[in-house]
Amino acid sequence: MIKQKYMTRLHTSILNHFIVGLALICPLFGTDYTYYNMPQSIFVNGNVQDTVTASPGNGDMTTIGSGRNPSLNISGSNNSIYSLQVKSPTNVNGVTYYLGGISVNGNISATISNVHTLSLETGSISVGSGTSLHVFSSGNRINAQSSDYGGESKVRFSKSTRLTLNHNSNVKFTNATFFIHDGVGNIANQSTLEAQAITIRLQGELNNRGNLKLTGEVYNIGSQINISTNGISNMTNINGTITINGNLYNGGQAKVDTTGSIFGGFNVFDPQFGGGGNITLYGGSMNVMGNIISSQGGDLLNGGGISNARNSSIGIYGATLTANNLTNKIGSSIIFGAYNDDVGKFTGALNNENSQNASIIIDIAGAKAGTHQIINGNLSGNITIGTHVQLNNGNTEFASTSLGSNNNNQWNGSVTLSINEQAIKSFKSSLNANSQAILSSFGDRIYTLQGATRINIAKDIKEFNKNLQSQFLLTPFSLIDTIKSNTKFDPTIVLQSATSSFISDVNAIGGGVAGSLVGGFGGIKAGFGYRLGNIILYSNIAYMYGSMQGAKNDFVLLDSEFLAQSHSIGLNANAKTYFLTDGKLELDIGLGYFVSLIDSNRNVKLNSPTQSFGSNYGVHQFSLDLTTAYRIEMGVLSISPRVKLIQSYNIISGFSENANPSNNNIAQSISVPQYNAYYMSIAIGSGANWRLGSNKYITFGLDYEHFLFSTQDFHLIFQNGERISFSSPYTSRIGVVIGGRFDINNNISLGIEGIFKTTINDDTNIYYYGVNGVFSYLF
1 MIKQKYMTRL HTSILNHFIV GLALICPLFG TDYTYYNMPQ SIFVNGNVQD TVTASPGNGD
61 MTTIGSGRNP SLNISGSNNS IYSLQVKSPT NVNGVTYYLG GISVNGNISA TISNVHTLSL
121 ETGSISVGSG TSLHVFSSGN RINAQSSDYG GESKVRFSKS TRLTLNHNSN VKFTNATFFI
181 HDGVGNIANQ STLEAQAITI RLQGELNNRG NLKLTGEVYN IGSQINISTN GISNMTNING
241 TITINGNLYN GGQAKVDTTG SIFGGFNVFD PQFGGGGNIT LYGGSMNVMG NIISSQGGDL
301 LNGGGISNAR NSSIGIYGAT LTANNLTNKI GSSIIFGAYN DDVGKFTGAL NNENSQNASI
361 IIDIAGAKAG THQIINGNLS GNITIGTHVQ LNNGNTEFAS TSLGSNNNNQ WNGSVTLSIN
421 EQAIKSFKSS LNANSQAILS SFGDRIYTLQ GATRINIAKD IKEFNKNLQS QFLLTPFSLI
481 DTIKSNTKFD PTIVLQSATS SFISDVNAIG GGVAGSLVGG FGGIKAGFGY RLGNIILYSN
541 IAYMYGSMQG AKNDFVLLDS EFLAQSHSIG LNANAKTYFL TDGKLELDIG LGYFVSLIDS
601 NRNVKLNSPT QSFGSNYGVH QFSLDLTTAY RIEMGVLSIS PRVKLIQSYN IISGFSENAN
661 PSNNNIAQSI SVPQYNAYYM SIAIGSGANW RLGSNKYITF GLDYEHFLFS TQDFHLIFQN
721 GERISFSSPY TSRIGVVIGG RFDINNNISL GIEGIFKTTI NDDTNIYYYG VNGVFSYLF
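For what it's worth, the UniProt record's numbering labels the leading residue of the sequence shown as 1, then goes sequentially.
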């Protein structure tokens with residue numbers, strides 16, 4: 001009996017394990033969709049296999065999504081597997097699947113199979129982190145007359161579409177005859193894109209930071225822009241890896257699907273075209289297991305040759321390019337440059353058939369000192385130094401460079417750079433602390449730029465220092481000062497009313513900034529005031545949107561620019577009281593809180609691609625202003641000389657810039673430590689009010705302000721730890737206000753006010769100007 005129970009439990013356990021194992025290895029029950037009920041969103045839990053049947057049709061082709069371009073979003077639980085098989089109706093050999101986008105997320109694997117032509121008409125294919133997508137084409141040929149894009153099996157990305165591989169994702173396209181990408185592709189770090197087809201056409205833009213694997217004949221040739229303008233395709237690699245199993249054609253004439261040709265001539269479904277191609281490698285490697293041919297391309301002429309030609313280029317910056325043979329034809333150039341201190345290299349046989357001047361360029365800027373062997377292999381063709389082979393940069397006040405040659409002045413594939421360290425040391429010692437820190441942030445690259453002299457470098461550093469001061473110190477405090485200037489209250493309208501104790505007003509704010517900053521701002525202010533005997537209490541709130549950018553600087557060797565957008569809010573409360581028997585002595589106490597939230601971006605270029613930095617931060621100010629004035633009345637004119645003590649406590653939370661691309665080394669990102677500073681300044685000036693008749697007034701104000709001190713310097717810290725400092729946002733400034741007011745009746749007034757303020761005695765002078773419309777109501 002015991003033995004029987006034991007055997008029963010054993011059999012039950014084995015059966016349970018078998019069922020669980022079967023569930024794990026077998027797919028869940030799938031769904032057979034049709035072209036009209038295919039959902040746009042699918043959630044997968046486990047292993048799911050679905051099918052979708054195309055619309056009925058005659059001939060060799062039918063469709064899914066024709067005229068609709070539906071999107072397909074696939075997500076699911078971790079490690080789920082999804083398969084979608086495309087099925088053709090009876091007597092139909094191929095299906096074209098029109099799509100407006102594919103999104104795969106959720107750490108799953110998705111496969112779309114048996115599709116003759118996958119056509120991304122709009123939108124994007126986006127694959128999330130840890131996720132994979134495999135498109136397995138049918139690979140068969142159909143009658144082209146039944147198709148939209150020709151008889152050969154294709155994966156096709158239209159113009160304005162995107163292919164995005166996020167971090168640690170994988171996308172694979174296999175078994176098609178043509179893979180055509182005419183949009184923008186982005187491959188993130190540690191992601192892999194594989195494309196396997198007989199012909200691979202890259203016609204738009206492809207940016208690789210991960211792994212790109214192409215199997216087939218690859219054509220990097222731009223598609224036609226319009227009837228008279230051919231395009232240029234751009235392939236860029238930044239510290240990624242590119243492997244091509246086949247030949248690579250950079251520029252020239254593209255291979256097209258000829259199944260739709262009319263009497264062997266014009267291809268209706270895939271017209272012939274030619275264009276240019278740019279390949280730019282920053283670090284990383286490209287390995288071509290075949291040959292590379294780089295040439296210009298355009299419209300073929302009947303008698304031979306081309307028209308509307310577009311040139312091509314291959315730029316190798318600190319990267320390694322390998323191929324059996326690299327042929328540089330007419331209309332193409334090859335550039336070897338530095339990246340991360342290393343000079344680009346080519347391994348293989350290089351034949352320069354281009355007899356034009358400077359068809360091979362060696363740009364040594366940013367390279368480390370020493371001899372660099374650029375070509376590892378046979379070098380032939382047009383390689384005369386100074387004619388076909390040209391040296392850019394490297395011969396400056398601080399460096400000297402020469403190209404290796406044989407007795408016939410033919411380039412031997414090497415370059416030697418020498419750096420004068422003593423000259424650099426002497427130059428650094430002549431600079432102030434800010435200039436030394438900025439110079440250090442650029443590394444040695446700046447010393448090898450053509451035109452790098454003491455005078456030019458010092459000039460550029462000074463301009464760069466002004467640029468940083470304008471962006472990080474002047475911009476936020478200019479925004480704060482602008483909104484603060486627009487939350488002032490003129491009590492004259494209340495004083496001149498014998499019956500009203502309450503006032504409300506609404507202002508439209510508008511204006512601009514010039515000088516070291518260029519931009520504009522606009523917003524609105526609303527306020528409310530109350531008179532209680534000799535005391536007037538007033539409070540208001542204001543909002544302002546601003547957009548600023550740095551003024552064009554006069555750089556020689558580098559370039560730097562920034563753009564900032566902001567949202568600012570101001571809260572202000574004033575108490576104004578009058579002394580003496582005639583009430584002519586005035587005391588105004590102003591308490592305010594102002595905040596500006598800033599989205600800032602800057603670009604730096606130093607003989608290389610542009611390095612972009614972005615940051616988001618806020619500046620907060622708590623202010624306490626004390627103003628004493630004495631009003632002098634002279635008939636219709638009153639003048640009020642005044643003295644103002646301006647105090648504020650300013651807070652900027654620490655923040656750091658984000659670099660894009662983050663692995664570029666053109667310039668260094670900047671961080672700002674926590675900033676808590678008390679400011680004090682003093683202003684002297686006068687206000688005036690001129691009455692024109694019984695209901696019209698002109699107001700005027702003039703103030704000179706001098707900054708007294710700040711309790712903390714403002715610091716900017718580069719990645720290498722070097723820092724630059726600024727003591728205050730300004731030294732002194734002058735402000736002018738001119739306005740007019742018209743009383744419609746005893747309760748309603750309309751007004752206009754012009755504001756101008758400028759900093760003086762500063763390298764980075766700023767001019768504010770604005771015009772405000774005012775509506776006031778007394779009750």
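Backbone N, C-alpha and C define an ideal beta-carbon position, used for all residues, glycine too.
Neighbourhood of residue i by C-beta distance below 6 Å, restricted to the same chain and skipping five residues each side
i: Asn114; result: Gln85, Val86, Ser138
i: Leu597; result: His567, Gly618
i: Ala367; result: Ala338, Val343, Leu417
i: Gly590; result: Asn574, Asp625
i: Ile334; result: Ile314, Asn328, Ile360
i: Asn78; result: Asn107
i: Ala659; result: Phe613, Ser669
i: Gln647; result: Leu624, Met680
i: Gly638; result: The sequence given here has Ser at residue 638, not Gly. Around Ser638: Arg631, Asn689.
Cutoff 9 Å: residue i Cβ touching any chain C Cβ
i: Ser669; result: Of the protein chains in this structure there is only one, and it is not chain C.
Closest Cα partner of residue i within the set the options
i: Gly394; options: Tyr447, Asp342, Asn302; result: Tyr447
i: Ser728; options: Ser470, Gly583, Gly276, Gly183; result: Ser470
i: Glu121; options: Asn107, Phe136, Gly101; result: Gly101
i: Ile293; options: Phe336, Leu248, Gly277; result: Leu248
i: Ile108; options: His116, Gln390, Ala542, Ile81; result: Ile81
i: Ser313; options: Asp299, Phe622, Ser359; result: Ser359
i: Ala369; options: Pro271, Phe43, Gly751, Thr401; result: Thr401
i: Asn603; options: Ala564, Gly150, Met289, Ala54; result: Ala564
i: Val389; options: Ile142, Leu403, Gln190; result: Leu403
i: Phe714; options: Phe562, Glu753, Asn434; result: Asn434
i: Asn507; options: Gly523, Val518, Asn420; result: Gly523
i: Asn91; options: Ser83, Ala54, Thr117, Phe579; result: Ala54
i: Asn607; options: Arg445, Pro476, Ser71; result: Arg445
i: Asp363; options: Asn351, Phe336, Ser380; result: Phe336
i: Ala542; options: Val556, Lys484, Leu439, Phe579; result: Lys484
Residue i versus residue j: straight-line alpha-carbon distance, rounded
i: residue 786; j: Gly592; result: In the structure as shown, the chain starts at 1 and stops at 779, and residue 786 therefore has no counterpart that could be examined.
i: Gly701; j: Ser686; result: 6 Å
i: Glu586; j: Thr628; result: 6 Å
i: Tyr768; j: Asp703; result: 14 Å
i: Gly265; j: Arg209; result: Residue placement at Gly265 is flagged as unreliable, the pLDDT there being 48, under the threshold of 50; the coordinate-derived value follows with that caveat. About 40 Å.
i: Val95; j: Phe178; result: 15 Å
i: Ser656; j: Ser600; result: 11 Å
i: Ile112; j: Ser147; result: 20 Å
i: Asp763; j: Leu473; result: 13 Å
i: Tyr678; j: His620; result: 12 Å
i: Ile766; j: Ser41; result: 54 Å
i: Asn376; j: Ile244; result: 20 Å
i: Gly527; j: Ser504; result: 6 Å
i: residue 804; j: Met235; result: It is not possible to answer for residue 804, since the shown part of the chain is limited to 1 through 779.
i: Thr759; j: Leu391; result: 46 Å
i: residue 791; j: Gly754; result: One cannot answer for residue 791 here, as it falls past the ends of the chain, which runs 1 to 779.
i: Ala365; j: Gly443; result: 11 Å
i: Asp50; j: Gly128; result: 21 Å
i: Leu165; j: Ile64; result: 25 Å
i: Gln296; j: Ala254; result: 11 Å
i: Gly519; j: Asn553; result: 15 Å
For residue i: DSSP bridge partner residues
i: Asn325; result: Asn291, Ala349
i: Phe742; result: Lys696, Leu750
i: Ile142; result: In DSSP, Ile142 forms no bridge with anything.
i: Gly773; result: Ala508, Ile752
i: His134; result: Thr111, Lys172
i: Thr759; result: Arg733
i: Met548; result: Gly519, Ala564
i: His181; result: Phe157, Leu202
i: Thr259; result: Thr259 is not bridged to any residue.
Cβ-based neighbour list, residue i, same chain, cut-off 7 Å, excluding 5 preceding and 5 following
i: residue 862; result: Summary: the structure shown does not reach residue 862, with the chain confined to residues 1 through 779, and so no result is reported for it.
i: Asn676; result: Ile651, Gln712
Same chain, Cβ closer than 8 Å to residue i, five either side skipped, listed in chain order
i: Lys159; result: Asp182, Gly183, Gly204, Ser223
i: Leu300; result: Gln253, Gln272, Gly274, Ile306
Q. What are the start and end residues of each continuous beta strand (DSSP E) run of 3 or more residues lying completely inside the stretch 40-106, in chain order?
A. 41-44, 47-53, 61-64, 71-76, 81-87, 94-99, 101-104
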